[in-house]
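Student: So the protein lines, in turn, are chains S and B.
Going letter by letter, the first sequence gives residues 0 to 132 in the numbering used here.
Going letter by letter, the second sequence gives residues 0 to 132 in the numbering used here.
Using N, Cα and C, we set each Cβ at its ideal position, and we do this for glycine too.
All figures in this text were calculated on a predicted structure; none of them were measured in a lab.
Number of protein chains: 2
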Amino acid sequence: MADQAIQIGELSRRTGCNIETIRYYERIGLMPAPPRRGRYRSYGGDDVGRLGFVRRARELGFTLDEVRALLALAAGGQASCAEVRDLAASHLQDVRARIADLKRMERVLAGSVRACEAGQDPGCPLIHALYAA
Amino acid sequence: MADQAIQIGELSRRTGCNIETIRYYERIGLMPAPPRRGRYRSYGGDDVGRLGFVRRARELGFTLDEVRALLALAAGGQASCAEVRDLAASHLQDVRARIADLKRMERVLAGSVRACEAGQDPGCPLIHALYAA
DNA sequence: CTTGAGTCTGTAGTCGCTACAGATGGCATC
DNA sequence: GATGCCATCTGTAGCGACTACAGACTCAAG
Chain S
0 MADQAIQIGE LSRRTGCNIE TIRYYERIGL MPAPPRRGRY RSYGGDDVGR
50 LGFVRRAREL GFTLDEVRAL LALAAGGQAS CAEVRDLAAS HLQDVRARIA
100 DLKRMERVLA GSVRACEAGQ DPGCPLIHAL YAA
Chain B
0 MADQAIQIGE LSRRTGCNIE TIRYYERIGL MPAPPRRGRY RSYGGDDVGR
50 LGFVRRAREL GFTLDEVRAL LALAAGGQAS CAEVRDLAAS HLQDVRARIA
100 DLKRMERVLA GSVRACEAGQ DPGCPLIHAL YAA
């Protein structure tokens, strides 16, 4: 039932993935080249599933290479759960590092904005802070 | 005193900014084209200051366009403090939004990794979560 | 005189899309 | 059957912020 053939526009609508992006994923081999009905790409239920997978993985911040790896592992059955976990754990570390970076920025920015608002500095506190480390 | 002429390598060492990046900044007009001593770029103390400013602003996550604006405002004297504050405040909002995004990812990833570790799912919980939204 | 380090220009690659231009395809309407 | 219009097609170039070469040169020391 999920296998009626759909065109790229419908696939885009169902997955929330941009048409140009779908074609891009095909070009880089992340999505398989589908059969054609005439000149038009013809997708089935599997494609909706796979592209949804890709989208959700991207929303979790995985890179396209990581998504590729996840797709391969997903095809590999349950033996690969440990590998999936390792990939996710290492990505989680990345995410946490980025959060830490951003929080550092946030602290400094918030402090500077407050100082600007206080306005008792002769010049601008943020400009001042940027000029001398 | 800060005005002895230095070469690009020394400027790079003093600011922690990659040589290629310095030339890139010159190309896009973020740093002025310095005079040459022979064929080599010859920098002075002002350049060390300006490039340091750029670096620190970048470390706070400002885009190059924002840095350009900040540099212009910095040259404009103290009247511009309110504009600087607005720029910083709006950037701060961006940073906070990105933190929120990353925290969402973190929560989901951490949950999945835990579920993988628990290992009572027949398949892999993360793969499972990615396949069906 | 040679060697090595530093610098030069110019171009192309990275990531993950996004935005065209210009050509077809297929369906509904007049 | 001509017209309009949307969807789709291919191919290429652009974004931001660098980074990585290749291949030429400059300069000081040994």
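Verify the CB distance criterion: does C115/S have a CB-CB separation below 7 Å to chain B?
Tutor: It does; some Cβ of chain B falls within 7 Å.
Student: Which first and last residues belong to the alpha helix (DSSP H) in which P124/S is found?
Tutor: Its alpha helix (DSSP H) spans residues 124-130.
Student: Taking the runs of the alpha helix (DSSP H) that are 4 residues or longer, which of them lie wholly in the stretch 19-70 of chain S?
Tutor: For the stretch 19-70 of chain S, whole alpha helix (DSSP H) runs of length 4 or above, ordered along the chain, are 44-58.
Student: What number of angstroms, rounded off, separates the C-alpha of S41/B from the C-alpha of R57/B?
Tutor: Taking the straight line from one Cα to the other gives about 24 Å.
Student: Select from C80/S, S79/S, R38/S, G15/S the residue whose C-alpha is nearest the C-alpha of R49/S.
Tutor: For the residues C80/S, S79/S, R38/S, G15/S, the minimum Cα distance to R49/S belongs to G15/S.
Student: Please list, in chain order, the residues of the stretch 6-38 of chain B that have any C-beta partner in chain S closer than 7 Å.
Tutor: Against chain S - using a Cβ distance shorter than 7 Å - the stretch 6-38 of chain B contributes no residues.
Student: Can you check which of these residues, Y24/S, D46/S, P34/S, C115/S, is closest to A81/B by C-alpha distance?
Tutor: Ranking the options by Cα distance to A81/B, first place goes to C115/S.
Student: Any idea if G76/S is buried or exposed, counting beta-carbon neighbours within 10 angstroms, 16 or more meaning buried?
Tutor: G76/S comes out exposed.
Student: So, for R67/S: in the same chain, excluding its five sequence neighbours on each side, which residues have a beta-carbon less than 7 Å away from its beta-carbon?
Tutor: Same-chain partners within the cutoff: L29.
Student: Closer than 6 Å to a non-hydrogen atom of the ligand NAD - does that hold for the CB of Q119/B?
Tutor: In the structure on display, the ligand NAD does not appear, and there are no ligands present to speak of.
Student: Determine, using beta carbons only, whether V53/S and M104/B come nearer to each other than 7 Å.
Tutor: Cβ distance not < 7 Å, so V53/S and M104/B don't count as in contact.
Student: Tell me the rounded alpha-carbon separation between A109/S and V47/S.
Tutor: Distance between the alpha carbons of A109/S and V47/S: 43 Å.
Student: Take the Cβ of S111/B as the centre, count every other Cβ of all protein chains shown within 10 Å, and call the residue buried at 16 or more, exposed below.
Tutor: Buried is the call here.
Student: Cutting at 7 Å between CB atoms, please list the residues of its own chain near L10/B, excluding the five before and the five after it.
Tutor: Hits under 7 Å: I21, Y42, D46, V47, L50.
Student: Would you kindly work out how many angstroms separate the C-alpha atoms of R12/B and L72/S, rounded to a whole number?
Tutor: Going by the C-alpha atoms only, they are around 44 Å apart.
Student: Can you tell me which residues form a DSSP beta bridge with I5/B?
Tutor: I5/B is bridged to Y42/B.
Student: Three-state secondary structure (DSSP) at G76/B?
Tutor: DSSP places G76/B in coil when its eight states are reduced to three.
Student: Name the chain S residues whose beta carbon is nearer than 7 Å to that of A109/B?
Tutor: In chain order: L91.
Student: Check this for me: beta carbons of R35/S and L101/B, under 7 Å apart or not?
Tutor: The answer is no: Cβ separation not under 7 Å.
Student: DSSP three-state label for D85/B, please.
Tutor: Of the three classes helix, strand and coil, the one that applies to D85/B here is helix, per DSSP.
Student: Taking all protein chains shown into account, do 16 or more other C-beta atoms lie within 10 angstroms of the C-beta of E19/S, making it buried, or fewer, making it exposed?
Tutor: It is exposed - the Cβ of E19/S has fewer than 16 other Cβ atoms within 10 Å.
Student: Secondary structure at D120/B, three-state DSSP: helix, strand or coil?
Tutor: Coil, per DSSP.
Student: Alpha carbon to alpha carbon, what distance is there between Y24/B and N17/B?
Tutor: For N17/B and Y24/B, the distance between alpha carbons rounds to 11 Å.
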